[in-house]
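Each residue of the sequence shown is one higher than the one before, starting from 6 at the first, in the numbering used here.
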Amino acid sequence: MNRVRVVLVDDHEVVRLGLITLLEDLDWVEVAAEAGSAEEAVQAVRQHRPDVVVMDIRLPGESGIEACRKITSQWPETKVIMLTSSADDEIIFKALQAGASGYVLKQVGNQALISALQAARNGESLLDPFVTQRVILRMRETEKQRQAQAFRNLSERELEVLALVAEGKSNAEIASQLFLSEKTVGHHVSAILAKLELSNRIEAATFAVRNHIEDYLPDHGWE
């Protein structure tokens, strides 16, 4: 099996030396070059075309994130693993958006980096367990925000009507449950379809279920 060719990027020479010492013990890894800045990192990748770049985020001049973006856009076959002490959510997501294949915290130990290199060798991505948890939480928050936006133009009464439409109830049944006239319910349904740009009750019901309308209902006790 071919060895994984790696470029190490960190502005602290002692850190690079420590990484070289670690990786030299792995017979399937070859350290092709090292760099101390984002500019040097891009040059090293251009010259050596490594399989993986292990890069700190905080570098003099341009950040490791900017270097990652340049590397992954110009040489998409090269994987970038961010090795850093920062667990800040925004930095994590900026790194992933820049194309990083892995994000490993320096404080978690050497095995996490080795595992990330193995994953990169296999064409996979790997995140530190703590980072993975942060990503999942952010995804949930983003989905929650998206769902809330889905219903932003509906009034409380329209939300109630839509929830009952999603349960398969007829206008007459909705009218009885909400103490409204059937004509009023019909007006609400028409308004809901117009606001959500939907064509019929089936589309409305599907939309409501997909966006978890039950999380946004006013609590009037009728459910």
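Think of the CB as a built atom: it goes at the ideal place given N, C-alpha and C, for glycine as much as any other residue. Quick caveat: nothing in here was measured; it's all calculated off a predicted structure.
Sheet register partners of V3 (DSSP bridge): As displayed, the chain neither begins before 6 nor continues past 228, which places residue 3 out of reach and without an answer.
My parser needs the alpha helix (DSSP H) runs of 4 or more residues fully inside the region 18-96; what are they? 18-29, 43-53 and 69-79
If you pair each beta-carbon of the region 110-119 with each one of the region 77-90, do three or more pairs fall below 8 Å? yes
Rounded to a whole number of angstroms, what is the C-alpha to C-alpha distance between F184 and A168? By 1-based counting over the sequence shown, the position of residue 184 is 179. By 1-based counting over the sequence shown, the position of residue 168 is 163. About 15 Å.
Give the straight-line distance between the Cα atoms of L28 and D15, rounded to the nearest whole angstrom. Position 23 of the sequence shown holds residue 28. Position 10 of the sequence shown holds residue 15. About 15 Å.
Can you tell me which residues form a DSSP beta bridge with V14? For the purposes of this step, residue 14 is identified with residue 9 of the sequence shown, where counting begins at 1. Answer is A40 and M60, bridged to V14.
Within 10 Å of its beta-carbon, does K188 have 16 or more other beta-carbons around it, so buried, or fewer, so exposed? Looking up residue 188 in the sequence shown gives position 183. Answer is exposed; the Cβ neighbour count stays below 16.
Touching or not, the region 21-38 and the region 69-87, by the rule of three or more beta carbon pairs under 8 Å? Judged by Cβ distances under 8 Å, the region 21-38 makes no contact with the region 69-87, as fewer than three pairs qualify.
Between which two residues does the alpha helix (DSSP H) holding Q182 run? Taking the sequence shown and counting its residues from 1, one reaches residue 182 at position 177. Run containing Q182: N176 to L183, per the alpha helix (DSSP H) assignment.
Give the straight-line distance between the Cα atoms of Q116 and A38, rounded to the nearest whole angstrom. The count along the sequence shown starts at 1 and reaches residue 116 at position 111. The count along the sequence shown starts at 1 and reaches residue 38 at position 33. Going by the C-alpha atoms only, they are around 21 Å apart.
Kindly indicate the opening and closing residues of the alpha helix (DSSP H) around E165. The residue given as residue 165 occupies position 160 in the sequence shown. E165 -> alpha helix (DSSP H) spans E161 to A171.
Per-residue burial, V19 [other beta carbons within 10 Å of its own, 16 or more giving buried]: As a working note, residue 19 is residue 14 in the sequence shown. With fewer than 16 Cβ atoms within 10 Å of its Cβ, V19 is classed as exposed.
Contact check, I70 vs A49, beta carbons under 8 Å: One-based indexing of the sequence shown puts residue 70 at position 65. One-based indexing of the sequence shown puts residue 49 at position 44. A49 is positioned such that its CB atom lies no closer than 8 Å to that of I70.
Do E45 and E67 have their CB atoms nearer than 8 Å? Position 40 of the sequence shown holds residue 45. Position 62 of the sequence shown holds residue 67. No.
Here's the rule I'm using: 16 or more other beta-carbon atoms within 10 Å means buried, otherwise exposed. How should G173 be labelled? In the sequence shown, residue 173 corresponds to position 168, counting from 1. Exposed, since its Cβ has fewer than 16 Cβ neighbours within 10 Å.
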